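Beneath this line is the structure, given in structure tokens, with notes to follow.
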Amino acid sequence: MQAELKDEDVQEIKGHFEFFDTDHNGNIDHEEFAELMKVISPESSASEVESGFKFIDGNNDGHIDWNEFIEWWRLNWCQFI
Ligand SMILES: [Ca+2]
Ligand SMILES: [Ca+2]
Numbered sequence: 001m002q003a004e005l006k007d008e009d010v011q012e013i014k015g016h017f018e019f020f021d022t023d024h025n026g027n028i029d030h031e032e033f034a035e036l037m038k039v040i041s042p043e044s045s046a047s048e049v050e051s052g053f054k055f056i057d058g059n060n061d062g063h064i065d066w067n068e069f070i071e072w073w074r075l076n077w078c079q080f081i
């Protein structure tokens, strides 16, 4: 789904990003992403978490940054809410 995000949506997503970025370094790392998956998809296996992380980490640097997070959210999250 290619919905354009409204400002308030971006703010809400930013809030989620900051919530899961528990060490506040501006990236979601593996551990933080595992926590995120526990919340949004408790049934996920470790390998699903791993493949999800790799999918979202578009530039493959081992961190999910804000741009990668919001892009993933925009493409995949709209269908859940
Ligand atoms: Ca972090
Ligand atoms: Ca990245």
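If you count by this note's numbering, then the sequence shown holds residues 1 to 81, one letter each, in order.
C-beta: ideal position from N, C-alpha, C; glycine also.
Since the structure is predicted, the reported quantities are computational estimates derived from the model, not experimental observations.
Bounds of the alpha helix (DSSP H) holding Ser-51 are 46 to 56. In this structure, the C-beta of His-63 approaches ligand 2 to less than 6 Å from one of its heavy atoms.
The nearest non-hydrogen atom of ligand 1 is less than 6 Å from the C-beta of Glu-32.
In this structure, Gly-58 lies away from Glu-43, with their beta-carbon atoms at least 7 Å apart.
At a cut-off of 6 Å, the beta-carbon of Glu-68 counts as near ligand 2: some heavy atom of the ligand is closer than that.
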